[in-house]
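Asker: Taking UniProt numbering, the leading residue of the sequence shown gets 1, the next gets one more, and so forth. Let me begin by handing over the structure; questions about it come next.
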Amino acid sequence: MSRIVTQDGTCLYVKDWGHGRPVVMVHGWPLSADSFDDLALAIADAGMRAISYDRRGFGRSDQPAAGYDYDTLADDLGAVITHTGAVNATLLGFSMGGGEVARYLSRHSGKGIKQAVLIASILPFLLKTADNLGGVDAGMFEATAQSLKKDRASFWSDFFKEFFGIGLLSKAVSSEVEEWARSMAMQAGLLPTLACAQAFSSTDFRSDMASFTMPTLIIHGTADQTVPIDISSRKAAQRIAHARLIEYEGAPHGLFASHKERLIADVLTFLQS
1 MSRIVTQDGT CLYVKDWGHG RPVVMVHGWP LSADSFDDLA LAIADAGMRA
51 ISYDRRGFGR SDQPAAGYDY DTLADDLGAV ITHTGAVNAT LLGFSMGGGE
101 VARYLSRHSG KGIKQAVLIA SILPFLLKTA DNLGGVDAGM FEATAQSLKK
151 DRASFWSDFF KEFFGIGLLS KAVSSEVEEW ARSMAMQAGL LPTLACAQAF
201 SSTDFRSDMA SFTMPTLIIH GTADQTVPID ISSRKAAQRI AHARLIEYEG
251 APHGLFASHK ERLIADVLTF LQS
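Structure follows, in C-alpha cells:
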C-alpha cells in the first residue's frame, strides 16, 4: 500500500515496511516520511512493521488548502492506522509529529495504542502566554513566517544549520544531509508549511497529556535550539505518568541524523521491552 484517502478526500503517501507489531511514525516540520528511513529499516530488520507517511501538504501527499489544524491532522493519523490495520501499535512522533500523537490519543481515546515515543517533540505547549511564561514569544514565529514568504529556499539554508547543530567548529552531519533535508522541505507547499508552523507554535496540548496512559519514551537533545528541551520534553515528562526521558547531552534537534545509531538503539530497546 502506498496511498490512502482520508475522510475529507486528501490522499496521503504511506510507507509500510516489514511484518509484525506495527510502529506508526509521524514526521517533523518541514520534512517527510523519508526522514525516518534509517529508523524504519532498523525496525523492520528487528522483526517489526514500520509505517510512516507524508503529512498532508508535505512530501508526496496531497496539498489541500485546509486541514492543517491538529484535530484534522490527528484524524489523518487515525486514517493511516485504520487503513493499515495497525493494531497494538506504537506511535512515534518527531518534533511537530508529537502533536499528532498527543491529539490522536485524546481525540480517539488511545484506540489500539500500546506504546508511545516522542523524539525532540514540541509537547506540551510552545507559545508564551500568561500561564506559560517560559514559552516562545509569538513575534519569533511571525518572523519565521515572514522569512518563509520572502525567500523560502534561503530560509531553509540557515534553518537546517541550527536544526542539525552545525557551527564553525562542529559538524554533526554532512553537507549532503543538509541538502537532503532542504530538498524535503522544498517538497512541501508554502501554504501547508506556513499553516503547520502556525499550528505547532500555537496549539496547547497540556490537556491532551493525560491521554498518555501507556509506557512512553521521550528523547531530546540538551543543545536543541529549534525546540529547546526546557520548554518541551522536560515539561512533558513531568506530565506523563509512565514516561522515561532520555537526554542526549549536547545534541541538536535533528537527532535522526546527528545521533542516528544511538537513537535507533534506544528506540529498539524500548520497542522490544
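Using N, Cα and C, we set each Cβ at its ideal position, and we do this for glycine too. Quantities reported herein were computed from a predicted structural model and do not represent experimental measurements.
1. Does residue 78 come out as helix, strand or coil in the three-state DSSP assignment?
2. I think residue 23 touches residue 48, with their Cβ atoms under 8 Å apart; what is that distance to the nearest whole Å?
3. Under the rule that 16 or more other beta-carbon atoms within 10 Å means buried, what is residue 9, buried or exposed?
4. Taking Cβ to Cβ, would you say residue 114 is nearer than 8 Å to residue 214?
5. Output needed for residue 67: all residues of its chain with C-beta closer than 7 Å, excluding positions within five of it in sequence on either side, in chain order.
6. Between which two residues does the beta strand (DSSP E) holding residue 26 run?
7. Using CA coordinates, which residue listed in 102, 93, 167 and 153 is at the minimum distance from residue 54?
8. Got a sec? Which residues, its chain only, sit under 6 Å from residue 35 by beta carbon, not counting five neighbours each side?
9. Can you tell which of 112, 178, 160 and 77 has the C-alpha that lies nearest to the C-alpha of residue 98?
10. Using alpha carbons as the reference points, say which of 180, 143 and 267 lies closest to residue 219.
11. Considering only residues of the same chain and omitting the five flanking positions on each side of residue 229, which have a CB-CB separation below 8 Å?
12. Whether or not the region 231 to 251 and the region 123 to 138 are in contact is what I'm after, with contact meaning three or more pairs of Cβ atoms, one per stretch, closer than 8 Å; do they touch?
13. Beta strand (DSSP E) containing residue 117: first to last residue?
14. Quick check: residue 141 and residue 148, are their CB atoms within less than 8 Å of each other?
15. Taking only three categories from DSSP, how would you classify residue 249?
16. Look up residue 254 in the DSSP assignment and say whether it is helix, strand or coil.
17. In terms of residues, what are the limits of the beta strand (DSSP E) holding residue 91?
18. Could you pull the DSSP bridge partners for residue 53 from this structure?
19. Am I right that residue 253 and residue 225 are in contact with their C-beta atoms under 8 Å? What's the rounded C-beta distance?
20. On the premise that residue 5 lies in contact with residue 84, defined as a C-beta separation below 8 Å, what is that separation, rounded to the nearest angstrom?
21. Under a Cβ-count criterion, where at least 16 other Cβ atoms within 10 Å of its own Cβ denotes burial, should residue 289 be classed as buried or exposed?
Answerer: In brief:
1. Residue 78: helix per DSSP, three-state reduction.
2. With 8 Å as the limit, residue 23 and residue 48 qualify as a contact, their Cβ atoms being about 6 Å apart.
3. exposed
4. yes
5. 8, 10 and 56
6. 22 to 26
7. 93
8. 27 and 256
9. 77
10. 267
11. 220, 221, 222 and 247
12. Touching, per the Cβ criterion.
13. In the DSSP assignment, residue 117 falls within the unbroken beta strand (DSSP E) covering 113 to 119.
14. Taking 8 Å as the cut-off, the Cβ atoms of residue 141 and residue 148 do not count as close.
15. coil
16. coil
17. 89 to 94
18. 14 and 26
19. The distance from the Cβ of residue 253 to that of residue 225 is about 7 Å, consistent with a contact at the 8 Å cut-off.
20. Not quite, the Cβ-Cβ distance comes to about 13 Å (not below 8 Å), so this is no contact.
21. Nothing in the structure corresponds to residue 289, since the chain is present only between 1 and 273.
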